[in-house]
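Peer 1: Per the numbering used here, the sequence shown starts with residue 14, numbered consecutively.
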Amino acid sequence: MLKNEYLRFLKSKFNFVLIFFMSILVALSYYSTYLDKQEWIKVLNSGAEDVNLAAVEKMVNGYTGVAYFDRFIFGDFYIVFILVALIGFGIHLCSTTFSNLQSGYGSLLVSRLGYERYIKNLVIAQVLYIFTFILLFHTVLLLGSIAIGGTGFAQDITTFTRLGDINGINYIFALTAQIIMGPIFVSLVVSLVSLSTPYLKNKYLIQISPFFVYFIFLFISSTIGNISPTFGTVTRYFVPDSFLKSVYFNSISHTSLLDTVLSFVALPLLLLALTIYMYSVNVESYTEDYIVWH
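1. Pull up the distance between the alpha-carbon of K26 and that of I233, whole angstroms please.
2. Can you give me the Cβ contacts of R175 inside the same chain, cut-off strictly under 8 Å, excluding the 5 residues immediately before and after it?
3. Return the residue from the list Y250, G238 and L155 that minimises the CA-CA distance to I86.
4. Which residues in the same chain have their Cβ closer than 8 Å to the Cβ of L257, if we skip the five residues on either side of it in sequence?
5. A61 by DSSP, collapsed to three states: which one?
6. Closest by CA to I147, which one among L213, L23, D272 and L48?
7. For the alpha helix (DSSP H) containing Y91, name the first residue and the last one.
8. Provide the residue span of the alpha helix (DSSP H) that contains V296, from first to last.
9. Can you tell which of T46, A98 and I100 has the C-alpha that lies nearest to the C-alpha of T77?
10. Measure the CB-CB distance between L106 and Q139 and report whether it falls below 9 Å.
11. Output the distance between the C-alpha atoms of L208 and L135, rounded to the nearest integer angstrom.
12. If we count the other Cβ atoms within 10 Å of its Cβ and call it buried at 16 or more, is G177 buried or exposed?
13. Quick check: the region 236 to 250 against the region 185 to 194, are at least 3 beta-carbon pairs closer than 8 Å?
14. Within 8 Å, do at least three Cβ pairs link the region 47 to 56 to the region 64 to 78?
15. Quick check on DSSP: helix, strand or coil for N239?
16. For L141 versus Y19, is the C-beta distance shorter than 9 Å?
17. In terms of residue numbering, what span does the alpha helix (DSSP H) encompassing R84 cover?
18. Report the rounded CA-to-CA distance for K55 versus L149, giving the unit in angstroms.
19. When you compare only the Cα positions, how much space is there between Y227 and I104?
20. With the cut-off set at 9 Å, would you say G101 and L57 are in Cβ contact?
21. So, L280 versus V252, is the Cβ gap smaller than 9 Å?
22. For H151 and I161, I'd like the C-alpha separation in whole angstroms.
23. Does DSSP classify M14 as helix, strand or coil?
24. I'd like the list of long-range same chain contacts for V294, defined as Cβ closer than 7 Å, with 5 residues on each side in sequence excluded.
25. Give the DSSP-derived three-state secondary structure of R175 in the structure shown.
26. Assuming S200 and I143 form a contact by the criterion Cβ under 8 Å, report the distance between their Cβ atoms to the nearest whole angstrom.
27. To the nearest angstrom, report how far apart S108 and K133 are at their CA atoms.
28. What would DSSP say about V252, mapped onto helix, strand or coil?
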C-alpha cells in the first residue's frame, strides 16, 4: 500500500496545479531581483564621479542564477511559498483519510492491512510525497537558475554577509538546511491535520486546516508572548516564520548554542508530539470499528 499510495500522489494531475501557483511566486521573486539589478545597471551607466564603478560593476555581474535562487529561498516570497504549499497539499492530501472513511476503498484497505498499518502507511506515503515534490521543485529551480544565470555572485547581493566564503562550504550547508526546512514543516502540519478525523468531520474544513494551523501558531505565540518578556522569549521558538527563517536569523546574529538549537528543533518537535498524539487518538477511535463507520 505504501508504494502504491506514494506513486498515486506523485502521478496526480493536481501536481500541475501546485507547480503552476508555486512557479508564479518564483517568477515574482525573480522579477523583484531583476528590478534590483536594473537599478544597479542605471547607477553603473550613469558614470557618476562619486560612484565606485568597479564595485558597482561587480554587483551587476553578481546577479547570477544562484543569486536569484538565494533571494527567493531566503526571502519573504518563500514564506508565501510555504503557505501555498500548505493550502495545496491540504486540498490534495488532508481529506484522504476522511474520504476513505466515507468510502468502500478505505474499508477494503483496512480489511486487508488492519487499521493501524493502513493509517501509518498512508501518512508515511504523504510525507515521502511532500519531501519528494518540494525537494525536486527546488532542485529543478536551482539547476535551471544556474543553467541560465550561472554560479557565483557578489557577497553583498546574497542574503548572508557572515558566512565566510560565500561560495564555499558554509553557504552550501546553509542552502541545504534552508531547502530541507520547508518540507519538514509542511509534512508535519499536513500529517497532523490528516489524522484529525476524530475531531474534524467536514472535508473542506480538513482541507483548509493546514493553512489555519500556520496562523494559529502565529496567534498563540504573539498573544502569549506579550504577557511578559520571558513568555516572549519562549514562544518565539514556535513562530512558523521564525522557524522557516532560522538559518538566516542565526547567521546574522550572535546567539548561544542552546538558542540556535531551539530555533531549529522546538517547533518541529512540538508538531511531531501533536502528530503522535493525534495518531494514537485516531488509531484508538477507528481500529475496532472502522468498517462500521463506513
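Beta carbons are placed, not taken as given, at the ideal position from N, Cα and C, and that holds for glycine.
Just so we're clear, the structure is a prediction, and the values are computed from it rather than from any experiment.
Peer 2: Let me spell this out:
1. Working through the sequence shown from its first residue, we reach residue 26 at position 13. Working through the sequence shown from its first residue, we reach residue 233 at position 220. K26 and I233 have their C-alpha atoms roughly 36 Å apart.
2. Taking the first residue of the sequence shown as 1, we reach residue 175 at position 162. At R175 the pLDDT is 42, less than 50, meaning the model places this residue with poor confidence and gives no usable figure here.
3. Here residue 86 is taken as the residue at index 73 of the sequence shown, counted from 1. Taking only the C-alpha atoms, the option nearest I86 is L155.
4. Taking the sequence shown and counting its residues from 1, the one referred to as residue 257 is at position 244. These residues qualify, in order along the chain: Y91, I92, I95, M194, G195 and F198.
5. Indexing the sequence shown from 1 puts residue 61 at position 48. In the three-state reduction of the DSSP assignment, A61 falls in the coil class, being assigned neither a helical nor a strand state.
6. For this step, residue 147 is matched to residue 134 along the sequence shown. Ranking the options by Cα distance to I147, first place goes to L23.
7. Along the sequence shown, one-based indexing puts residue 91 at 78. Counted as a single uninterrupted DSSP element, the alpha helix (DSSP H) harbouring Y91 occupies residues D89 to F102.
8. Against the sequence shown, residue 296 aligns to sequence position 283. Looking at the DSSP string, the run of the alpha helix (DSSP H) that includes V296 is L270 to Y299.
9. Numbered from its first residue, the sequence shown carries residue 77 at position 64. Cα-wise, what sits closest to T77 is T46.
10. As a first step, residue 106 must be located in the sequence shown, where it is residue number 93. As a first step, residue 139 must be located in the sequence shown, where it is residue number 126. The answer is yes: Cβ separation under 9 Å.
11. For this step, residue 208 is matched to residue 195 along the sequence shown. For this step, residue 135 is matched to residue 122 along the sequence shown. Taking the straight line from one Cα to the other gives about 10 Å.
12. In the sequence shown, counting from the first residue as 1, residue 177 sits at position 164. Confidence at G177 is low in this model, with a pLDDT of 41, below 50, so its placement is unreliable and no value can be given for it.
13. These segments do not touch.
14. Look at the beta carbons and you see the region 64 to 78 touching the region 47 to 56: at least three pairs across the two are nearer than 8 Å.
15. For the purposes of this step, residue 239 is identified with residue 226 of the sequence shown, where counting begins at 1. Note: N239 maps to coil in three-state DSSP.
16. Reading the sequence shown from its first residue, position 128 is the one you call residue 141. Reading the sequence shown from its first residue, position 6 is the one you call residue 19. Yes, Cβ-Cβ distance for L141 and Y19 is below 9 Å.
17. The count along the sequence shown starts at 1 and reaches residue 84 at position 71. Taken as a continuous stretch (DSSP letters only), the alpha helix (DSSP H) holding R84 covers G78 to I86.
18. In the sequence shown, residue 55 corresponds to position 42, counting from 1. In the sequence shown, residue 149 corresponds to position 136, counting from 1. C-alpha separation (whole angstroms): 36 Å.
19. Residue 227 sits at position 214 when you count from the first residue of the sequence shown. Residue 104 sits at position 91 when you count from the first residue of the sequence shown. Straight-line Cα distance between these residues: approximately 15 Å.
20. Numbered from its first residue, the sequence shown carries residue 101 at position 88. Numbered from its first residue, the sequence shown carries residue 57 at position 44. The answer is no: Cβ separation not under 9 Å.
21. Along the sequence shown, read from residue 1 onward, the residue named residue 280 stands at position 267. Along the sequence shown, read from residue 1 onward, the residue named residue 252 stands at position 239. In contact: L280 and V252 (Cβ atoms closer than 9 Å).
22. Taking the first residue of the sequence shown as position 1, residue 151 is located at position 138. Taking the first residue of the sequence shown as position 1, residue 161 is located at position 148. Straight-line measurement puts the Cα of I161 at about 15 Å from the Cα of H151.
23. Walking along the sequence shown from the start, residue 14 turns up at place 1. In the structure shown, M14 falls within a coil segment according to DSSP collapsed to helix, strand and coil.
24. Counted from its first residue, the sequence shown places residue 294 at position 281. Answer for V294: P211, listed in chain order.
25. For the purposes of this step, residue 175 is taken as residue 162 along the sequence shown, with counting starting at 1. Because R175 sits at a pLDDT of 42, beneath the cut-off of 50, its placement in the model cannot be relied upon, and the following sentence gives the value as read from the coordinates. In the structure shown, R175 sits in coil (DSSP, three-state: anything other than H, G, I, E or B).
26. Numbered from its first residue, the sequence shown carries residue 200 at position 187. Numbered from its first residue, the sequence shown carries residue 143 at position 130. Between I143 and S200 the Cβ distance is about 4 Å, and since that is below 8 Å, they are a contact.
27. Within the sequence shown, the letter at position 95 stands for residue 108. Within the sequence shown, the letter at position 120 stands for residue 133. Just so you know, the alpha carbons of S108 and K133 end up roughly 15 Å apart.
28. Numbered from 1 along the sequence shown, position 239 holds the residue referred to as residue 252. V252 falls in the coil class under three-state DSSP.
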